[in-house]
Every structure is written in C-alpha cells, then in structure tokens.
Amino acid sequence: EAGVAQSPRYKIIEKRQSVAFWCNPISGHATLYWYQQILGQGPKLLIQFQNNGVVDDSQLPKDRFSAERLKGVDSTLKIQPAKLEDSAVYLCASSLGLGQGSEQYFGPGTRLTVT
Amino acid sequence: KQEVTQIPAALSVPEGENLVLNCSFTDSAIYNLQWFRQDPGKGLTSLLLIQSSQREQTSGRLNASLDKSSGRSTLYIAASQPGDSATYLCAVRRVLQAGTALIFGKGTTLSVSS
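These protein sequences, in sequence, are chains L and E. Going letter by letter, the first sequence gives residues 12 to 126 in our numbering. Going letter by letter, the second sequence gives residues 16 to 129 in our numbering.
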C-alpha cells in the first residue's frame, strides 16, 4: 500500500514570495491533515479536511495561509506572502475517517526555508 | 487547553540498555495516545497506538503504557540498538466536537552508542 506522498521535499524562497505544497493521501482515506513542525518542536495542526470539507482550521493563519482539497483526494497548502517564521517542515497526514480508532499516517514532509 | 510534555528532552545510552521515555498530558479527555518515531529529515513513523480504554500496547522491543487518570504514558525500549537513535514523539488525540487533530509533545531525542 502506497503511503502519503508530498512534494516538493525541499523549498527555499525569499520572504514575501509565495509557495505551494502538494499532498496525496493514502487511497481511501477520507481525512487529511496539514501540520507545521518548527525546528525543535512537535508538529502543530494547521488544517483538517473530511473529504473536501474543512473540519478544523482554527490554527491556520488565514491572512497568509490557504488550503484546499478539491474532489476530496489531493490537497494543496499555499503561503502568500511568506515570512521568515514560516520556515518549518510541513507534514501531511491522512486517516480513514474521524472515528476514534483511526490512526494517522504521515508523509515525509516538505522542508521550507524562507530567507 | 491540552498540553503534552516529554521528559527527558534528550537521552544518550550505550547499546543494550533498557530505557524509558516519559510523556505527560494535562487533560485526560483523550481518545487515544500515539507514539511516533522521527528520523532526521524524515516524516513520522507510528510506533504504537493506545486507545483510551487500554492500559498498554506492545510491538517487538517496544512497550507503551497509558494511565489516563494521571495523564501519563511511558515508552519502554528493551535492549536498545544504535538503529533506535531518533526523536520519539508522543501525541494525544483530543475529544472535540469537530476535528480530531493530534497534540504533540516536543519529543525526546535518543542516541544509542555502539
């Protein structure tokens, strides 16, 4: 079974530029998560989708971050404009559903450096 | 607000030692607790998932326990090996009306020397 795929793996941009990340979850997984992991910290949820609807985006900086999951499969996360403090690893995860037993599976992440 | 704390932040042991990693959380209203491993520059690999009704889970040399009432979990690694060197993250799944995100600790970085 293929895992969660993410691209690109690495991205370096200058502040005020825009960037987009892509995630393809495990086939059949209805729930998709984007987490931000700053160096030395644990991952922090940015946004959660159930199929193509948003379940929780309370910690997403909506003035600069946006995400979508068209057709309930792939998802993109965009930052515009980027700030220095956005330098982090962006992790995508998926799970079968919202059931309490659903385990989350993580992709390899995209490491973003903002200079 | 749920907070997850992991102690110690870093640990160095010689090969063959048994060791315990600690995780504590402030709100006992959780669905489950998950232990992950993260290698440098890599994503997270799930090691063990303990449901709130369970007391422990075992996989090979790993054993995780959960005491929900006291807000604590431990990850026990038996006969450590250099290949166990990584950062270990503890995460709890909150009981929410909507959203099932994991709340993570900052992790324990383990180094096993040969």
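Using N, Cα and C, we set each Cβ at its ideal position, and we do this for glycine too. Computed from a predicted model, the values in this text were never measured in an experiment.
Three-state secondary structure assigned by DSSP to P97 of chain E: Mapped onto the second sequence, residue 97 of chain E falls at position 82. P97 of chain E falls in the helix class under three-state DSSP.
Bounding residues of the beta strand (DSSP E) (the contiguous stretch that carries P29 of chain E): By one-based count along the second sequence, residue 29 of chain E stands at place 14. Its beta strand (DSSP E) spans residues 25 to 29.
Boundaries of the beta strand (DSSP E) in which D67 of chain L is found, first to last residue: If you number the first sequence from 1, residue 67 of chain L lands on position 56. D67 of chain L -> beta strand (DSSP E) spans 64 to 67.
Contacts around S29 of chain L, its chain only, beta-carbon distance under 8 Å, and the 5 residues preceding and following it disregarded: Here residue 29 of chain L is taken as the residue at index 18 of the first sequence, counted from 1. If we look at S29 of chain L and ignore the five residues flanking it on each side, its Cβ neighbours are K89, I90, Q91, P92, A93.
Chain L within 9 Å of T60 of chain E, Cβ atoms only: Along the second sequence, one-based indexing puts residue 60 of chain E at 45. It does: the Cβ of T60 of chain E has a partner Cβ on chain L nearer than 9 Å.
Residue from E:S43, E:S100, E:E18, E:Q49 with nearest C-alpha to S74 of chain E: Here residue 74 of chain E refers to the residue found at position 59 when the second sequence is read from its first residue. The shortest Cα separation from S74 of chain E among E:S43, E:S100, E:E18, E:Q49 belongs to E:Q49.
Cβ pair Q4 of chain L, A99 of chain L closer than 9 Å: Chain L is shown only over 12 to 126; residue 4 of chain L falls outside these bounds and no answer can be derived.
Residues near K72 of chain E by beta carbon distance below 6 Å, same chain, minus five either side: Counting from 1 along the second sequence, the entry for residue 72 of chain E is found at position 57. In the sequence on display, residue 72 of chain E carries Gln and not Lys. These residues qualify, in order along the chain: L63, I65, A79.
Cβ-based burial, A94 of chain E [other Cβ within 10 Å; buried from 16]: Here residue 94 of chain E corresponds to residue number 79 of the second sequence, with the count starting at 1. The residue in question, A94 of chain E, is exposed, as its Cβ has fewer than 16 Cβ neighbours within 10 Å.
Alpha-carbon spacing of Y21 of chain L relative to R109 of chain E, whole angstroms: Locating residue 21 of chain L in the first sequence gives position 10, where the first residue counts as 1. Locating residue 109 of chain E in the second sequence gives position 94, where the first residue counts as 1. Rounded to the nearest angstrom, the two C-alpha atoms are 31 Å apart.
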